[in-house]
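This report concerns only the one structure given below.
In structure tokens, the structure reads:
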């Protein structure tokens, strides 16, 4: 279960409830977990026409050009580097969990 925390308009942090770590992205577009929230852990949320959400970050490459990375998973559910908003692995369906629901072990 993941908690989304609104930091600013369309800017969110994502935290794993059980792991107690924030989802972050390094400069190469790899997903990492960190105990403390930093700028690397902030994601822009976009609503797609199909009802899904995408989470992206804007980083500056070594050459100085902006790079937009997306949170993405492959067909086996493992993290991958996402570069295009249109890829299926970058689109997530929102699901609201109520506070009184038990967290699966």
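In our numbering, the protein residues as written are 7 to 111. For every residue, glycine included, the Cβ atom is placed at its ideal position computed from N, Cα and C.
If you draw a 10 Å sphere on the C-beta of residue 88, you find 16 or more other C-beta atoms in it, and that means buried.
With contact defined as three or more Cβ pairs closer than 8 Å, the stretch 76-87 and the stretch 55-63 are in contact.
Just so you know, the alpha carbons of residue 32 and residue 46 end up roughly 7 Å apart. One thing to note: residue 23 has its Cβ within 9 Å of the Cβ of residue 7. In the structure shown, residue 9 adopts extended strand secondary structure according to DSSP, grouped into three states. Membership of residue 33 in any beta strand (DSSP E) is not indicated, and neither H nor E is assigned to it by DSSP.
By the 16-neighbour rule on beta-carbons within 10 angstroms, residue 48 is buried. For residue 23, no beta strand (DSSP E) encloses it, and the DSSP letter there is neither H nor E. Cα atoms of residue 101 and residue 57: separation of roughly 11 Å, rounded to the nearest angstrom.
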